[in-house]
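Reviewing the structure listed below.
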Amino acid sequence: MGYDISHHVIDPGLIRQRLVPAITRGESIDDLLNQAALLGLRRHRAAQWGLRVAALERQLCDAQREAVPKQTLQRPKPVGWFKRLLGVQAFETVTVWPQVSGLPGFDSDLSVWGRPFYIEADSTDAVLDAHARYMACRSDEDVDQVAREMVSHLETRRHRVRPGLQPEALQVLAQHEPWLSHLPEADPAESIPAPPASVIADRMRQRIQVFQQAWSLRQDDEASVFLPWMAEEALAGDLALQAPHFLVGLATQLQPAWTGRGHVWLTALFEKIGVDLSDLVETPASLFGEMLQAHPALAERFQPTLFENYCLGGHVPPDKVPALLDRIQQHRRALILAWMDGDEPEGVSADLDELATDFKKLIEPVTLAHRLGHGFLEAAECSTGVLGLHD
Numbered sequence: 145m146g147y148d149i150s151h152h153v154i155d156p157g158l159i160r161q162r163l164v165p166a167i168t169r170g171e172s173i174d175d176l177l178n179q180a181a182l183l184g185l186r187r188h189r190a191a192q193w194g195l196r197v198a199a200l201e202r203q204l205c206d207a208q209r210e211a212v213p214k215q216t217l218q219r220p221k222p223v224g225w226f227k228r229l230l231g232v233q234a235f236e237t238v239t240v241w242p243q244v245s246g247l248p249g250f251d252s253d254l255s256v257w258g259r260p261f262y263i264e265a266d267s268t269d270a271v272l273d274a275h276a277r278y279m280a281c282r283s284d285e286d287v288d289q290v291a292r293e294m295v296s297h298l299e300t301r302r303h304r305v306r307p308g309l310q311p312e313a314l315q316v317l318a319q320h321e322p323w324l325s326h327l328p329e330a331d332p333a334e335s336i337p338a339p340p341a342s343v344i345a346d347r348m349r350q351r352i353q354v355f356q357q358a359w360s361l362r363q364d365d366e367a368s369v370f371l372p373w374m375a376e377e378a379l380a381g382d383l384a385l386q387a388p389h390f391l392v393g394l395a396t397q398l399q400p401a402w403t404g405r406g407h408v409w410l411t412a413l414f415e416k417i418g419v420d421l422s423d424l425v426e427t428p429a430s431l432f433g434e435m436l437q438a439h440p441a442l443a444e445r446f447q448p449t450l451f452e453n454y455c456l457g458g459h460v461p462p463d464k465v466p467a468l469l470d471r472i473q474q475h476r477r478a479l480i481l482a483w484m485d486g487d488e489p490e491g492v493s494a495d496l497d498e499l500a501t502d503f504k505k506l507i508e509p510v511t512l513a514h515r516l517g518h519g520f521l522e523a524a525e526c527s528t529g530v531l532g533l534h535d
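Remember, my numbering sits 144 above the position in the sequence shown when you count from 1.
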């Protein structure tokens with residue numbers, strides 16, 4: 145089973161005082177929906193920059209492969225037992241593809257697909273500074289200014305080319321400088337036009353109304369509700385059990401999450417390295433006390449780790465986030481190497497920065513939660529994705 149996982153900075157007050165009552169009591173959160181819609185447009189704008197940088201890297205790799213002369217070599221190939229008995233050898237010609245650099249220092253899994261906005265930075269502090277600037281943007285021009293600075297910072301990593309790169313590949317790299325002047329448009333297959341903010345808000349409002357209806361019918365085993373975005377019916381009781389997951393997704397419209405793929409969420413990583421987190425991590429139940437009291441069946445959906453797709457996992461309340469941050473920093477190296485069974489690859493820096501993508505997707509949101517005085521939550525299939533829109 146694959147997981148699209150996310151690490152969330154969680155404001156308990158937002159969940160308990162605004163989002164839960166929106167489902168259980170029908171209270172209006174139009175102010176939050178309008179705010180979320182505008183933020184979605186800013187995220188969409190930032191994402192276009194990231195996708196353009198990713199497209200430039202693909203162009204560079206293709207151009208470098210074309211520019212560097214291909215090498216061929218002869219290598220032995222298997223022969224049948226009889227030919228081996230006669231001492232007959234056979235060879236085949238293989239093409240050795242040239243080494244390419246792409247954009248040195250560019251990690252699309254982190255800067256485009258992992259962080260909430262397109263961010264290039266070399267420290268957690270710098271990441272969170274850029275994050276704060278994006279969150280404060282009020283126009284496309286504001287977003288563009290921050291994104292341009294991200295591309296300019298990426299260009300400062302120009303020297304991070306692999307040793308032994310062919311001169312022809314280096315020449316291709318030089319021909320594309322400055323990178324800001326050579327950014328192509330985003331791949332249409334990866335980019336969709338952004339709808340107006342009012343449409344985004346209406347989509348979220350429509351889903352809230354469906355969950356309100358499902359919640360009101362939660363005790364009726366036969367009742368169903370219509371899901372307009374899927375054009376199909378769903379049992380109200382099943383949907384009511386998904387309400388907390390939906391609300392965390394809604395909170396993500398206001399405080400975007402960091403995203404990853406695979407068994408790289410907080411509690412899975414610490415379990416892999418054999419470090420206990422039970423003194424810090426609890427189930428998400430405390431965020432949804434009102435719902436749990438009204439619908440005890442929700443208890444089965446609250447566990448202290450991810451257990452399936454479309455679920456919530458471990459929750460760290462605000463008062464324990466400082467200790468969590470300390471523990472993550474204490475076990476940095478082990479967490480980075482968690483899925484390498486203790487084997488350290490050759491040719492990487494002493495701090496393992498080249499391997500730290502998933503670690504950064506963890507330490508950055510936990511640090512942000514610490515700074516904001518908020519909690520932390522892991523989830524599966526609960527993010528808005530790179531386009532920053534609630535689909």
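C-beta atoms are modelled at their ideal positions from N, C-alpha and C, and glycine is treated no differently.
Taking DSSP as the reference, what is the three-state secondary structure of residue 188? helix
Look at the alpha carbon of residue 483 and the alpha carbon of residue 457, and state the distance between them as a whole number of angstroms. Spanning the two alpha carbons is a distance of roughly 20 Å.
In terms of DSSP beta bridges, what is residue 426 paired with? 459
Terminal residues of the alpha helix (DSSP H) in which residue 366 lies: Run containing residue 366: none; DSSP gives neither H nor E here.
6 Å Cβ shell around residue 260 - same chain, five flanking residues per side excluded: Its chain contains 400 as the residues whose beta carbon lies nearer than 6 Å to that of residue 260, once the 5 sequence neighbours on both sides are disregarded; these appear in chain order.
Buried or exposed: where does residue 155 fall if 16 or more other Cβ atoms within 10 Å of its Cβ makes it buried? buried
Is residue 480 near residue 468, with beta carbons less than 8 Å apart? no
With respect to the alpha helix (DSSP H) encompassing residue 394, which residues constitute its N-terminal and C-terminal limits? Here the alpha helix (DSSP H) through residue 394 covers 387-396.
Among 518, 438 and 345, which one has its Cα closest to the Cα of residue 175? 345
Look at residue 442 and residue 388 and say whether their C-beta atoms are less than 8 Å apart. With a cutoff of 8 Å on beta-carbon distance, residue 442 and residue 388 are scored as near each other.
Pull up the distance between the alpha-carbon of residue 535 and that of residue 370, whole angstroms please. Because residue 535 sits at a pLDDT of 48, beneath the cut-off of 50, its placement in the model cannot be relied upon, and the following sentence gives the value as read from the coordinates. Near 17 Å, if we compare the C-alpha coordinates of residue 370 and residue 535.
Since residue 148 contacts residue 524 with CB under 8 Å, what's their CB separation in whole angstroms? Their Cβ separation, rounded to whole angstroms, is 7 Å, which keeps residue 148 and residue 524 in contact under 8 Å.
Any C-beta of chain B sitting closer than 8 Å to the C-beta of residue 233? Looking for chain B here will not work: only one protein chain is present.
Assuming residue 392 and residue 152 make a contact with CB atoms under 8 Å, what is their CB distance in whole Å? 6 Å
Look at the alpha carbon of residue 145 and the alpha carbon of residue 164, and state the distance between them as a whole number of angstroms. Model confidence at residue 145 stands at a pLDDT of 47, short of 50, so the residue's coordinates are unreliable; what they give is reported in the following sentence. In a straight line, the C-alpha of residue 145 is about 30 Å away from that of residue 164.
Among the candidates 475, 256, 379 and 461, whose CA atom is the shortest distance from the CA of residue 516? Of the listed residues, the one whose Cα sits closest to residue 516 is 461.
Rounded to whole angstroms, what is the Cα-Cα separation between residue 553 and residue 251? There is no way to answer for residue 553, as the model of the chain reaches only from 145 to 535.
Indicate the three-state DSSP secondary structure (helix, strand or coil) for residue 288 in the structure shown. helix
If contacts are defined as beta-carbon pairs under 8 Å, then residue 396 and residue 257 qualify, I think. What distance do you get, rounded to the angstrom? The Cβ separation is near 15 Å, so there is no contact.
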